[in-house]
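What follows is a set of notes on a single structure, which appears directly below.
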Amino acid sequence: MQLYNSLTRRKEPLPEPPGPIRIYVCGPTVYQRIHVGNARPYVVFLWLRRWLEAGGYDVALVENVTDVNDKIYDAARAEGIPSAELAARATRWYFEDTEELGLGRPDVEPLATETIPEIVALIEELVDRRLAYASGGDVYFRVAAFPEYGSLSGANPDDMVAQEPSDLKEDPRDFALWKATKPHEDTSWSSPWGDGRPGWHIECSAMAEKHLGPQFEIHGGGLDLRFPHHENELAQSRGAGREFARLWAHNGMLELASEKMSKSLGNIVSLRDALDRWGREAILLLLLGAHYRSPVEFSERAIEQARAQVETFRDHFVGLEHGAEVVERERLAEALDDDFNTADALALLHDWRSRGLSASLAWGLELFGLGSLGRASEAPDEVKELAERRLRARAEREFGEADRLRHEIEQAGWQVRDVAEGFQLVPR
RNA sequence: GGCGCGGUGGCCGAGUGGUUAGGCAGAGGCCUGCAAAGCCUCGUACAGCGGUUCGAAUCCGCUCCGCGCCUCCA
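Residues in the first sequence are numbered consecutively from 98, following the numbering used here.
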């Protein structure tokens, strides 16, 4: 299998199975319910793990939670509750909402606040190596001392302007590893430089190493993180002498620009709302239909199209015994082994459906967490009873009564279809 | 301005030199008490301009347009 490496800007082969393939993904900052865009890297990398494991790989997936940061302080202050409490609540929401996607969970989901000793130790190492310096209770990374800086984002360090202007910095490009506690911040830890909390980037360097070791195969996350976050992670870890990630995989953005939706929901759709409104399968199918590196527009129209596909696949299995043909695994592998092209894979699922290759289809859907579409659910007895009555009404040619019953069945959330053997009930 | 990505039929979206992608929507038909589902048929796209080539959506150049990042946003 090969994957596109953002660092080298070309596709590169992964080691042969069983690997191992160790993956670190940057998860969300938890200060409110996550939005559907946050769900994209979560979905993409869980899918990738499923595919790698199906191919005999030994995979370790770590996806962190950033639970200390300015936004969390701000949100907590606005609500008048301790920031640790707000972060804990939002972390719980994150787990609940993503759990509903039904893709399983990463092997480890570390919190930044549980990694403080490792973070402090790593900063001390950087200070010892003269790649970092303490200044007024803060500690900064010395960009000028790391020649590789800019290699990931492709930016020339000389062209860079201040990341966050501060009088405490030697160089405006330097970035914070440790920040001294400010009066309005209610969460802090003691350190050799005084009370404070970690900068945004160092936590990921520390967590990745803690759970995957100094060298691992894949580092993932949203494309928007490439700079400065990933550039800075790379500088910290490589600067400290670790090989760190060999391949950087960035997913494209989910765009929430659509007309109708933005008005009512302020341009942000939470994963929670999306799940309630369109269901997990539609969200997954929308993401499946685009290559992971491409942007995806999350519009009313787009998600409705995805939902139509949910029905298409579900319909295929209604009243059907699963096929027993040999699964065309190779054809799916062709698509997925080449930079994980799920859009191509989705086309193949449709192909299997139209050719009646139900065993292949069921296997493919299951791979992407869509196995539920291959298992027609059983209608409740009340609904079946209505359908029986309608069948008798039709036999008596009392079509008015039959139509009335069909309407009643629809009210109960089911669709009735007439087939040679009687009827079928399909959830709607 | 800098770095990077992209512009495919009504919409979404594959496709790295020569064969029908696929889905959604739409039109017609078969089937049906009416439906639904399914099946059949139909649209002949590749931003523009040059170039390379027997042949380009696919390679090269330029132009136009869009997007991401460049003060912590997955």
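We put the beta carbon where it would ideally sit given N, CA and C, even for glycine.
Take the Cβ of residue i as the centre, count every other Cβ of all protein chains shown within 10 Å, and call the residue buried at 16 or more, exposed below.
i       : result
Pro-325 : buried
Thr-195 : buried
Phe-496 : exposed
Asn-102 : buried
Asp-478 : exposed
Ala-346 : buried
Ala-342 : buried
Pro-138 : buried
Gln-508 : exposed
Ser-361 : Confidence at Ser-361 is low in this model, with a pLDDT of 40, below 50, so its placement is unreliable and the value that follows should be read with caution. With fewer than 16 other Cβ atoms within 10 Å, it is exposed.
Val-423 : exposed
Gly-310 : exposed
Pro-125 : buried
Asn-161 : buried
Glu-267 : exposed
Ala-173 : buried
Lys-108 : exposed
Met-358 : Confidence in Met-358 is poor, its pLDDT being 40 and thus under 50, which makes the residue's placement unreliable; the coordinate value appears in the next sentence. Met-358 should be labelled buried.
Thr-105 : exposed
Glu-176 : exposed
Glu-356 : Bear in mind that a pLDDT of 35 at Glu-356, under 50, signals an unreliable position, so the number given afterwards is only what the model happens to contain. It counts as exposed.
Ala-187 : buried
Ile-527 : Given a span of 98 to 525 for the chain in the structure shown, any question on residue 527 remains unanswerable.
Arg-501 : exposed
Ala-112 : Here the sequence assigns Pro to residue 112, which means Ala is not the residue at that position. Classification for Pro-112: exposed.
Pro-110 : exposed
Glu-482 : exposed
Glu-182 : exposed
Pro-115 : exposed
His-281 : exposed
Ile-178 : exposed
Gly-201 : exposed
Using CA atoms only, rank isn't needed, just tell me which of the options is closest to residue i.
i       : options                            : result
Arg-411 : Pro-280, Gly-468, Ala-231, His-316 : Gly-468
Asn-348 : Leu-228, Asp-171, Leu-322          : Leu-322
Leu-145 : Arg-335, Val-236, Gln-402, Val-122 : Val-122
Asp-515 : Arg-503, Glu-397, Ala-184, Ala-509 : Arg-503
Leu-265 : Ala-277, Leu-274, Ser-232          : Ser-232
Ser-180 : Arg-130, Thr-188, Ile-169          : Ile-169
Glu-408 : Arg-525, Tyr-128, Gly-177          : Arg-525
Leu-488 : Gly-317, Glu-475, Gly-510, Ala-517 : Ala-517
Trp-98  : Gly-471, Phe-437, Gly-466          : Checking the sequence shown, residue 98 turns out to be Met, not Trp. The shortest Cα separation from Met-98 among Gly-471, Phe-437, Gly-466 belongs to Phe-437.
Gly-317 : Phe-520, Ser-455, Ala-157, Ile-506 : Ala-157
Thr-284 : Gly-376, Ala-185, Ala-252, Ser-451 : Ala-185
Arg-130 : Arg-369, Arg-147, Gly-510, Ser-396 : Arg-369
Asp-292 : Ile-365, Arg-486, Gln-312, Ala-277 : Ala-277
Trp-511 : Leu-344, Glu-475, Glu-498, Arg-491 : Glu-475
Glu-340 : Glu-505, Val-127, Ser-302          : Ser-302
Gly-386 : Asp-171, Asp-373, Leu-143, His-447 : His-447
Pro-392 : Ile-365, Val-366, Leu-320          : Leu-320
Leu-417 : Val-140, Val-127, Gln-521, Leu-344 : Gln-521
Trp-148 : Glu-431, Gly-453, Leu-454, Ala-456 : Glu-431
Val-415 : Arg-491, Pro-207, Ser-288, Leu-470 : Leu-470
Glu-425 : His-308, Arg-398, Leu-219, Ala-459 : Ala-459
Asp-167 : Val-127, Leu-344, Phe-142, Arg-491 : Val-127
Lys-279 : Asp-171, Pro-203, Arg-450          : Asp-171
Gly-234 : Ala-399, Pro-289, Ser-457          : Pro-289
Gly-199 : Ala-492, Arg-390, Leu-462          : Leu-462
Gly-152 : Ser-287, Ser-451, Leu-464          : Leu-464
Give the C-beta separation of residue i and residue j to the nearest angstrom, bearing in mind that I take them to be a contact with Cβ-Cβ under 8 Å.
i       : j       : result
Trp-164 : Thr-210 : Rather than Trp, the amino acid found at residue 164 in this sequence is Asp. The Cβ separation is near 5 Å, so the contact holds.
Ala-442 : Leu-429 : 6 Å
Leu-394 : Glu-352 : It is Glu, not Leu, that sits at residue 394 in the sequence shown. Yes, they are in contact, since the Cβ atoms of Glu-394 and Glu-352 sit about 5 Å apart, within 8 Å.
Leu-382 : Ala-403 : 4 Å
Leu-388 : Ala-440 : Rather than Leu, the amino acid found at residue 388 in this sequence is His. Indeed, because the Cβ distance is near 5 Å, the residues count as touching under 8 Å.
Gly-519 : Met-350 : So it is not a contact: roughly 49 Å between Cβ atoms.
Ala-337 : Glu-222 : 5 Å
Ala-229 : Phe-238 : 5 Å
His-197 : Arg-377 : The question names His, yet the displayed sequence has Glu at residue 197. Right, their Cβ atoms sit about 6 Å apart.
Ile-120 : Glu-314 : 7 Å
His-132 : Ile-380 : About 12 Å separates the two Cβ atoms, so there is no contact after all.
Val-236 : Ile-220 : 6 Å
inquiry  = To test your reading of the DSSP string, which unbroken alpha helix (DSSP H) runs of 4 or more residues are found completely within the stretch 202-265?
reply    = Here the runs fully enclosed are 213-225.
ask   = Which runs of the beta strand (DSSP E) spanning at least 3 residues fall entirely within the stretch 450-525, listed in chain order?
value = Complete beta strand (DSSP E) runs here, min 3: 511-516, 519-524.
ask   = Can we say the stretch 324-338 touches the stretch 236-248, given the rule of at least three CB pairs closer than 8 Å?
value = Output reads yes: the stretch 236-248 touches the stretch 324-338.
task = Only counting runs of 3 or more residues, tell me where the beta strand (DSSP E) segments fall wholly within the stretch 115-190, in order along the chain.
result = Entirely contained in the stretch 115-190, the beta strand (DSSP E) runs reaching 3 residues are, in chain order, 118-122, 156-160.
ask   = Can you find at least 3 beta carbon pairs, one from the stretch 272-282 and one from the stretch 290-309, that sit closer than 8 Å?
value = Output reads yes: the stretch 290-309 touches the stretch 272-282.
request  = Just list the alpha helix (DSSP H) runs in the stretch 334-399, keeping only unbroken ones of 4 residues or longer that don't cross its boundaries, in chain order.
outcome  = Runs of the alpha helix (DSSP H) inside the stretch 334-399: 356-362, 368-375, 377-385.
query = In chain order, which continuous runs of the beta strand (DSSP E) of length 3 or greater are located wholly inside the stretch 286-315?
reply = For the stretch 286-315, whole beta strand (DSSP E) runs of length 3 or above, ordered along the chain, are 293-295.
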